[in-house]
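Numbering-wise, this note's numbering comes out as the position in the sequence shown, counting from 1, plus 729.
Glycine included, every Cβ here is placed at the ideal spot set by N, Cα and C.
Since we're looking at a predicted model, the values are computed, not measured.
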Amino acid sequence: MNNENLFAALRAAFPDDLDATAIDAADSATGTNLKLYSWRDIEQATARIANLLTSMNLPAGSRVAVQTEKSVEALMLYLGVLRAGYVYLPLNTAYQAAEIEYFIGNAEPAVVVCAPKSLPWVQPIADVAKVAKVFTLDENGQGTLTEAAATQSTVHTVATRKADDLAAILYTSGTTGRSKGAMLSHRNLLSNAQTLLDYWGWSSKDVLIHALPIFHVHGLFVASHCALLAGARMIWFAKFDPTAVIKRLPEATVFMGVPTLYVRLLANASPQLTCEACANMRLFVAGSAPLLIETFNEFHERTGHTILERYGMSETCMLTSNPYRAAEGERRGGTVGFPLPGVSVRVADDKGGTCAVDEIGGIEVRGPNVFGGYWRMPEKNKEEFTADGWFKTGDVGKIDARGYVTIVGRSKDLIISGGYNVYPPEVELVLAEHPAVAASAVIGCPDPEWGERVTAMVVLQPGAAASEDDLIAFCRERLAHYKAPRRIRLLPDLPRNAMGKVQKADLRRELCEP
């Protein structure tokens, strides 16, 4: 049988010259080169990791949970897990102990890889969950994982997998406070990468500036897969710095970022961000959160480039994209373009019918990129898929006469801050743990840099005392930094309707400031 392992397809795209540079690791502060990695380095490093995992005799379908800082070696780990035929589980580096405890308990990984500084609190969690082995990996690519892999052979036969076998699980914040693990197959990931490769005009001559985190779809799958499948070089930044990134733009051709990164490019490095600096660039892509039309227009005025905005989810990878080629249409600010080839998008009304042109409704999708369901949540899967097999995204939007898709809102009060999803119930559950809190309501308020800022309205228990700073600190100890409220307002009561439901729309109108 054909080997439909995603890694096999990525490996087949490596150039003939394995000693050519694949990844240029840049200093995040200055942009200067720190280390060059060849395609042969990727081949050998992933083989060592795959051999290490194989030597552990893990059960088929074992999960490998990873919470480490971004490094080239962390990317090698991801590829090595695929190569060995296991399931990769990336975890946001901002997650705190209580969150990691839930993920490890729910996914039951056989192996956990964490930062060395996190080992003292990760190890006890892993022990309770009966994790077979915990490795460490730091921001410099060093740790017990690197040491153990160094003893392994650089020769490895890629594990045979079927297209529908599980390749990765990505946890998304839960609307009821419980996170859901989106199960993505080798087919889901490869089909989407192949589609983007053609639709966005990738070639081996491209050079990608990779300045995104690698624990979510945008950085790990969209950016990395496209570059690897094209045999294109990456300029790798562990962290985003506007000045350092602009320094490397003249030798790059593609940049991908969340809207926050574009805001920072315009605000923090404005003298250097010029048409001349971007002369070699062919494509700027934005996603993971809505791009303000002001940012879209200002970037075009400053650089001469029109940002390509696209739309995707953890459950589906990319769904729509503004056109890359002028012959296929213009890139329209405020829209996310057309459904990608092979992807179907429809807008449904609240009765299950299909909306007319420009009529607003719930966005539903299907295609080879759409995930198979949520990990160990069969009842949730029944809710999230229609009877005829369409996935209900939870987003609200419309499709115009030309076929352009516009996202006009989000159901379930989802907040997107800096490109990361924040579900209010998760924050509200944490606030409820504070002894001084009687009730809370969490909303997203517009923010010029983050897109939205997490804002909490809190009612204290009678006679209790707690300052806004106290409550923010309490949340930050228990939540990833992007989930913790940036502002808390103490109120005597929350507005509610006759059924007792908090009227968040009223709170937004009254309390969200520009």
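Rounded to whole angstroms, R1054 and E876 show a C-alpha spacing of 46 Å. By the C-beta density criterion, P1019 is buried, having at least 16 other C-beta atoms within 10 angstroms. Taken atom to atom, the span from the alpha-carbon of G1041 to that of D748 is near 34 Å. In the DSSP assignment, H939 falls within the beta strand (DSSP E) that extends over V936 to H939. Between the region 932-939 and the region 1045-1061, the count of C-beta pairs closer than 8 Å stays below three; the two stretches do not touch. Excluding its 5 nearest sequence neighbours in each direction, T883 has C-beta neighbours in its own chain below 7 Å: Q773, A776 and R777, listed in chain order. DSSP places N1150 in the strand class (E or B) of the three-state scheme. Between T1032 and F1067, the alpha-carbon positions lie close to 25 Å from each other. If you check the CB distance, V1156 and A1193 do not come in under 8 Å. Annotation for K1127: the continuous beta strand (DSSP E) segment containing it runs F1120 to I1128. According to the DSSP secondary-structure assignment, P1175 is paired through a beta bridge with E1181. Rounded to whole angstroms, the Cβ separation of T865 and A844 is 7 Å, and the two are in contact under 8 Å.
8 Å or more divides the Cβ of I1201 from the Cβ of A1209.
For N1098, there is no enclosing alpha helix (DSSP H), as DSSP marks it with neither H nor E.
The alpha carbon of V840 has as its nearest neighbour, out of A758, Y831 and V810, the alpha carbon of V810.
Of the other Cβ atoms in all chains shown, 16 or more fall within 10 Å of the Cβ of V816; this residue is therefore buried. In the DSSP assignment, V841 falls within the beta strand (DSSP E) that extends over V840 to C843. Note that the C-beta distance between V974 and P1177 is not below 8 Å. Between L820 and V795, the gap from beta carbon to beta carbon is short of 8 Å.
Between A1168 and A1195, the gap from beta carbon to beta carbon reaches 8 Å or more.
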